[in-house]
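Note sheet for the following structure.
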Amino acid sequence: MTDRAAAADVCLLLEGTYPYVSGGVSSWVHDIIGGLPELRFSIVALLPNDASRRRVYQVPANVVAIEHLNLHEMRNGWPWLPRLRPFFRATELYLQNVMQRGSLDDMRGLVELFAPLRRRLGADILYNSYVSWEMLLNLYRRSQSRSPFLEYFYTWRALIGGLYAVLLHELPPARAYHAVSTGYAGALMARAAVETGRPGIVTEHGIYTNERRIEITMADWIYDTPYASYSVADVPRNLKDLWKDVFGTYSLACYQAARQVLTIFGGNQKFQRNDGADPAKMRVIPNGVDVERFAGIARHAGGRRPTVALIGRVVPIKDVKTFIRACGLLQQQIIELEALIMGPLEEDKEYAEECREQVRQEGLEGTITFTGKVNVMDYLGRIDVIVLTSISEGQPLVLLEAGAAGIPAVATDVGACREIIMGREGEAQLGPGGVVTTLTSPKATAEGMYKLLGDPSFYAACSRAIRERVRRYYDKRDMLAAYRSLYEELIASPDAERPGDRGGRSGRRAWRA
Amino acid sequence: MAGVGFALRRLAERGDLLGVVQAYAHSAAASTGPWLYTIACLATLTIYALPAVGSEGVTLFRAIVTYNFAFSLVFSGGLVRVITRCLADQIYERRADQAPGMLIGGLFVLCLIQAPIAVPFYVFVVDLPPALVVQGLVNYFLVTGLWLVGVFLTALRVYTAISLSFIFGLAAAFGLALLGGEWAGVEGMLIGFNAGLATILFLLVVRAFAEYPYPAVRLFGFLRTLKPYWSLALSGFLYNVAIWVDKWIMWLAPERERLPSGFVHNGVYDSAMFLAYLSIVPSMAVFLLHLETRFYEKYLRLYREIENHATLERIEEDHKTLIEELIAGLRNLIVIQATVSLLCIILAPKILEFLGVSYLQLGVFRFGVLGAFFHVLLLCLTIVLSYFELRAQVLFLTFFFLATNVVFTFASLGHGFAYYGYGYFASALLSFLVGALVTFRELGRIPYHTFITQPPTARAAPEDERGADGTRAGTGP
Numbered sequence: 000m001t002d003r004a005a006a007a008d009v010c011l012l013l014e015g016t017y018p019y020v021s022g023g024v025s026s027w028v029h030d031i032i033g034g035l036p037e038l039r040f041s042i043v044a045l046l047p048n049d050a051s052r053r054r055v056y057q058v059p060a061n062v063v064a065i066e067h068l069n070l071h072e073m074r075n076g077w078p079w080l081p082r083l084r085p086f087f088r089a090t091e092l093y094l095q096n097v098m099q100r101g102s103l104d105d106m107r108g109l110v111e112l113f114a115p116l117r118r119r120l121g122a123d124i125l126y127n128s129y130v131s132w133e134m135l136l137n138l139y140r141r142s143q144s145r146s147p148f149l150e151y152f153y154t155w156r157a158l159i160g161g162l163y164a165v166l167l168h169e170l171p172p173a174r175a176y177h178a179v180s181t182g183y184a185g186a187l188m189a190r191a192a193v194e195t196g197r198p199g200i201v202t203e204h205g206i207y208t209n210e211r212r213i214e215i216t217m218a219d220w221i222y223d224t225p226y227a228s229y230s231v232a233d234v235p236r237n238l239k240d241l242w243k244d245v246f247g248t249y250s251l252a253c254y255q256a257a258r259q260v261l262t263i264f265g266g267n268q269k270f271q272r273n274d275g276a277d278p279a280k281m282r283v284i285p286n287g288v289d290v291e292r293f294a295g296i297a298r299h300a301g302g303r304r305p306t307v308a309l310i311g312r313v314v315p316i317k318d319v320k321t322f323i324r325a326c327g328l329l330q331q332q333i334i335e336l337e338a339l340i341m342g343p344l345e346e347d348k349e350y351a352e353e354c355r356e357q358v359r360q361e362g363l364e365g366t367i368t369f370t371g372k373v374n375v376m377d378y379l380g381r382i383d384v385i386v387l388t389s390i391s392e393g394q395p396l397v398l399l400e401a402g403a404a405g406i407p408a409v410a411t412d413v414g415a416c417r418e419i420i421m422g423r424e425g426e427a428q429l430g431p432g433g434v435v436t437t438l439t440s441p442k443a444t445a446e447g448m449y450k451l452l453g454d455p456s457f458y459a460a461c462s463r464a465i466r467e468r469v470r471r472y473y474d475k476r477d478m479l480a481a482y483r484s485l486y487e488e489l490i491a492s493p494d495a496e497r498p499g500d501r502g503g504r505s506g507r508r509a510w511r512a
Numbered sequence: 000m001a002g003v004g005f006a007l008r009r010l011a012e013r014g015d016l017l018g019v020v021q022a023y024a025h026s027a028a029a030s031t032g033p034w035l036y037t038i039a040c041l042a043t044l045t046i047y048a049l050p051a052v053g054s055e056g057v058t059l060f061r062a063i064v065t066y067n068f069a070f071s072l073v074f075s076g077g078l079v080r081v082i083t084r085c086l087a088d089q090i091y092e093r094r095a096d097q098a099p100g101m102l103i104g105g106l107f108v109l110c111l112i113q114a115p116i117a118v119p120f121y122v123f124v125v126d127l128p129p130a131l132v133v134q135g136l137v138n139y140f141l142v143t144g145l146w147l148v149g150v151f152l153t154a155l156r157v158y159t160a161i162s163l164s165f166i167f168g169l170a171a172a173f174g175l176a177l178l179g180g181e182w183a184g185v186e187g188m189l190i191g192f193n194a195g196l197a198t199i200l201f202l203l204v205v206r207a208f209a210e211y212p213y214p215a216v217r218l219f220g221f222l223r224t225l226k227p228y229w230s231l232a233l234s235g236f237l238y239n240v241a242i243w244v245d246k247w248i249m250w251l252a253p254e255r256e257r258l259p260s261g262f263v264h265n266g267v268y269d270s271a272m273f274l275a276y277l278s279i280v281p282s283m284a285v286f287l288l289h290l291e292t293r294f295y296e297k298y299l300r301l302y303r304e305i306e307n308h309a310t311l312e313r314i315e316e317d318h319k320t321l322i323e324e325l326i327a328g329l330r331n332l333i334v335i336q337a338t339v340s341l342l343c344i345i346l347a348p349k350i351l352e353f354l355g356v357s358y359l360q361l362g363v364f365r366f367g368v369l370g371a372f373f374h375v376l377l378l379c380l381t382i383v384l385s386y387f388e389l390r391a392q393v394l395f396l397t398f399f400f401l402a403t404n405v406v407f408t409f410a411s412l413g414h415g416f417a418y419y420g421y422g423y424f425a426s427a428l429l430s431f432l433v434g435a436l437v438t439f440r441e442l443g444r445i446p447y448h449t450f451i452t453q454p455p456t457a458r459a460a461p462e463d464e465r466g467a468d469g470t471r472a473g474t475g476p
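First to last, the protein sequences are chains D and G.
Just so you know, we're using numbering that gives the first Met the number 0 here: the first sequence kicks off at 0 and counts up by one.
Just so you know, we're using numbering that gives the first Met the number 0 here: the second sequence kicks off at 0 and counts up by one.
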């Protein structure tokens with residue numbers, strides 16, 4: 000499905016998210032598009048294949064085009080072209096770098112090679128020709144000759160096939176390109192930047208390479224060659240290294256091509272620096288919430304039990320069991336405690352059942368309630384403390400929403416939690432907005448909750464601090480304003496020099512206003 | 000963080016390399032056996048029946064049977080090849096329970112194709128008494144049935160059963176035809192011969208239903224595979240045209256005969272050629288045995304090593320061993336066939352004299368033996384290509400053989416009697432040379448073909464796809 004309409008101001012490059020998959024990133028994209036109605040957006044959705052998909056968001060009217068880029072599928076193209084041998088010799092050199100921590104230079108080289116042939120190249124030449132096979136063998140022999148060949152072949156197809164797809168896609172014209180992750184979306188942004196001369200930026204919510212690294216390290220489906228030697232120096236590059244290196248290349252090329260490298264909280268910047276981002280380009284634009292809406296929630300005062308709540312899916316990563324145990328500990332001090340676990344129970348049914356069982360075993364049926372998926376707005380007015388026991392988080396919106404309503408938080412020291420509760424460097428000294436605890440510690444969480452519930456003056460100070468901090472630094476309008484001015488700057492900036500200006504055989508002319 | 004990207008595993012999905020091909024290649028090869036047995040029976044029959052029905056009777060009998068063989072083969076060859084392949088697929092996927100249905104459906108469709116050709120021919124084109132028309136048609140459909148049923152048993156490699164059925168049935172056909180000839184001339188001879196063929200068909204069908212003890216379902220399911228396997232159907236058709244086309248062209252030679260009933264044939268050419276074909280039996284048998292044992296072992300090893308995480312270096316070693324094995328097999332084939340062919344050519348006068356065939360056929364027979372020498376080599380090359388699923392190359396070689404056979408046979412026609420058979424010989428020789436070039440070029444690229452041109456890719460269904468994404472979706476409420 001491709002609707003190609005008028006050129007857009009900003010082209011969003013989205014890998015596996017909006018508008019087909021719900022989640023934090025998609026909601027953020029939806030907010031940006033909806034919050035900047037004066038700009039025209041186009042979307043390139045990078046997807047594994049052409050399976051039909053249902054949109055889970057109502058796409059705003061200022062989206063002029065949604066295109067699909069299928070990473071795992073390729074049209075056949077021409078069966079043959081003249082001078083394929085030199086083409087593949089050149090491609091081989093760049094790919095060899097891409098597969099061993101390459102950079103934007105390799106990406107640029109590939110773009111220049113592919114651009115003039117874009118309409119003709121396809122699976123017949125890139126995958127099925129004998130010349131392409133010889134290139135693959137050369138690449139294998141040069142860097143991976145001790146890996147199992149079958150596995151290498153499929154790894155190569157997956158990794159480089161995605162890159163080919165990125166190189167072959169007809170880029171929708173736009174004044175600026177915005178990738179919402181590195182990976183293939185980032186590679187596409189790098190291509191757009193070098194090919195059109197228009198500026199690109201990247202916003203990372205989680206760190207793509209980091210998540211891929213974890214996924215690859217844990218993957219049992221990537222075959223690891225067993226080696227007899229125990230000496231680290233002897234272990235040759237294996238296929239997991241290849242996976243990591245290719246994603247490393249995509250990420251670095253994206254950072255190098257980007258005008259700005261953004262993320263939603265400071266903790267991510269360490270990873271971005273490690274992956275080669277230039278600190279001068281790095282910037283944090285936090286996610287924001289609708290402060291007015293949450294600040295307006297009326298507080299239920301008096302005549303109710305002290306209430307704590309964990310808002311989130313009941314899944315292992317949220318470590319709900321630690322929360323339950325903490326409530327057990329706290330209930331010994333505050334007998335009338337009420338605790339809510341608010342979030343869908345269906346995602347990991349087994350874990351949810353274990354949680355319910357734990358509540359029964361600890362005799363907390365009168366204390367803890369599983370509400371299932373509910374509208375948080377209806378509950379915030381009667382919650383006193385918001386609690387997160389997660390072992391991993393990005394920038395949890397729920398802390399900001401509760402914070403806007405003046406509800407202090409007890410949260411583990413993951414993701415952006417500390418920044419939200421204690422404040423960032425360079426912000427006004429507003430004091431703590433709650434308590435930051437260690438991970439998987441029911442005692443620490445219980446103490447944190449007790450500190451807030453048992454000390455009215457501390458509670459009042461935290462409530463004021465968090466409300467003020469969210470109002471000042473996490474207002475969605477500020478986030479939108481930041482992107483609005485960033486986009487305006489990008490849209491207005493002149494074209495950079497690009498390969499077509501020199502060689503005269505560019506694939507596509509830049510869009511002009 | 001969820002919601003960005005998709006599980007990498009989705010990207011790394013892959014197909015299954017070691018396919019079904021060997022089962023198919025094998026059946027295609029083994030189906031030459033029955034054809035040769037039948038020629039042997041026909042050749043001897045025409046000699047021994049002479050006293051009973053006279054030379055005119057023998058000629059008519061032979062014309063009917065030859066026509067039936069030729070045209071039933073040509074018009075069923077394509078479909079039979081596709082069914083062979085389907086069956087091999089099903090056996091490989093362990094769902095051969097559809098085989099009985101396919102056998103019945105296949106017979107039905109073949110008769111449906113053949114009837115509009117055979118019936119008008121016997122009724123309108125040739126002038127035969129009604130009893131012979133009926134027996135001629137019965138013979139036609141029996142022969143058609145044999146081509147198909149044989150496939151179902153060769154696919155299971157029950158060669159002994161097939162051979163015994165054919166030997167027993169042809170012996171019966173031989174005896175009954177002689178008896179019938181004594182009793183009622185050509186008509187009786189054909190009835191006897193048909194009874195023998197019917198026996199073979201019966202034995203094979205019984206055996207087939209015993210080997211595939213399943214209810215007959217999905218009778219016409221195989222028709223849907225005509226589209227993906229169109230090149231098999233086409234090369235099956237073209238190959239059978241190719242092996243008959245020189246005879247048809249020779250039916251235009253001045254020496255041809257037109258029987259009173261209307262059959263046209265060239266007795267001198269046809270029978271010499273049939274005899275010459277028999278010279279390939281020993282070498283073909285040896286080569287097939289070699290393919291099935293030593294070559295197949297190396298072939299399996301190559302694919303197993305690939306599946307077993309072999310490095311490229313290892314794969315290349317196995318590839319080399321495989322080619323060496325193949326070359327050894329071809330060398331044996333050439334040595335044996337050369338010996339047989341040489342003996343046939345030297346002893347040609349004695350052979351013809353022993354069989355009571357006219358000396359006029361000496362030249363044709365010698366060219367036929369030489370042609371068969373290269374023909375069998377070509378056939379073996381196409382079988383080897385089939386092992387690697389190189390259908391386009393097989394189609395090309397088949398077409399090349401057909402085209403050269405047409406051109407050269409026509410050319411030889413103009414040069415007179417001394418050159419009869421030269422066209423077939425030249426065509427087989429040239430086709431073999433081209434075939435060897437093509438085959439060895441492709442054999443050098445087996446790893447390429449294994450990974451690139453032949454893998455049956457197993458793509459995940461869209462449902463799985465959505466599921467995989469769904470589980471990663473969603474952060475928080």
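We put the beta carbon where it would ideally sit given N, CA and C, even for glycine.
Where residue i meets chain D, residues with beta-carbon distance less than 8 Å
i	result
G/Ala309	Pro147, Phe148, Leu149
Bounding residues of the alpha helix (DSSP H) (the contiguous stretch that carries residue i)
i	result
D/Arg84	83-97
G/Met101	98-119
Residue i classed as buried or exposed, judged by whether at least 16 other C-beta atoms fall within 10 angstroms
i	result
G/Ile166	exposed
D/Asp474	buried
G/Tyr213	exposed
G/Tyr358	exposed
G/Asp88	buried
D/Pro493	exposed
G/His414	exposed
G/Val216	exposed
Proximal chain G residues relative to residue i, where beta-carbon distance stays under 9 Å
i	result
D/Tyr126	Ile451
Span of the beta strand (DSSP E) around residue i
i	result
D/Ser41	40-46
D/Val384	384-387
D/Ala408	408-411
D/Asn237	It is not in any beta strand (DSSP E) - D/Asn237 carries neither H nor E in the DSSP assignment.
G/Met188	Looking at the DSSP string, G/Met188 is not in any beta strand (DSSP E); the run it does join, the alpha helix (DSSP H), is 158-210.
D/Met281	281-283
G/Gly413	No beta strand (DSSP E) contains G/Gly413, which is instead part of the alpha helix (DSSP H) from 390-413.
D/Thr436	433-436
D/Ala308	306-310
Residue i - partner residues in DSSP beta bridges
i	result
D/Ile367	D/Ala338
D/Asn69	D/Leu46
D/Val110	Partner(s): none; D/Val110 has no beta bridge.
G/Arg257	G/Val263
Beta-carbon neighbours of residue i, restricted to chain G and to distances below 8 Å
i	result
D/Arg140	Leu311
D/Trp77	Residues of chain G passing the Cβ test: none, with the nearest at roughly 17 Å.
D/Ser144	Thr310, Leu311, Glu312
Write down every uninterrupted run of the alpha helix (DSSP H) in the region 152-225 of chain D whose length is 4 residues or greater and which is fully enclosed by it, in chain order.
-> 182-195, 207-217
Identify every run of the beta strand (DSSP E) within the region 329-358 of chain D, keeping only runs that are complete inside it and at least 3 residues long; order them along the chain.
-> 337-341
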